[in-house]
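Colleague: In the numbering used here, the protein residues as written are 521 to 598.
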Amino acid sequence: EDAKEFVEAFFEEIRESLASGEPVKLSGFGSFELRDKAERPGRNPKTGEEIPISARRVVTFRAGQKLRAKMEELSERK
521 EDAKEFVEAF FEEIRESLAS GEPVKLSGFG SFELRDKAER PGRNPKTGEE IPISARRVVT
581 FRAGQKLRAK MEELSERK
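#1: Roughly how many whole angstroms lie between the Cα atoms of Leu517 and Glu570?
#2: Would you grab the beta carbon distance between Ser551 and Arg577 for me? Rounded to a whole angstrom, and I think it's under 8 Å.
#3: Check the C-beta distance from Gly580 over to Arg555 and give it rounded, since I have them as a contact under 8 Å.
#4: Report yes if the C-beta distance between Ile573 and Arg560 is below 8 Å; otherwise report no.
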């Protein structure tokens, strides 16, 4: 129960920081940022009809060097 509360508080802190426009950097892990995506053309897969995909903000994650190195090490074991 304590772990669940900690994780929820942790993610709430990340949400609040991103909402205020601040990037979130976690040492040894990576960083989260908000990015604006422009409107672009899309397609309805059922009908093939072209429809616009509206502009929006998305959260992006960029893995840090330590995390990338660890993932590379794990993938080499396979």
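Glycine residues also receive a C-beta, built at the ideal position from the N, C-alpha and C atoms.
Since the model is a prediction, treat every value here as computed from it, not as a measurement.
Modeller: Reading from the atomic positions:
#1: What the structure shows of the chain is the stretch from 521 to 598, and residue 517 is not part of that stretch, so it cannot be assessed.
#2: So it is not a contact: roughly 16 Å between Cβ atoms.
#3: Here the sequence assigns Thr to residue 580, which means Gly is not the residue at that position. Right, their Cβ atoms sit about 5 Å apart.
#4: yes
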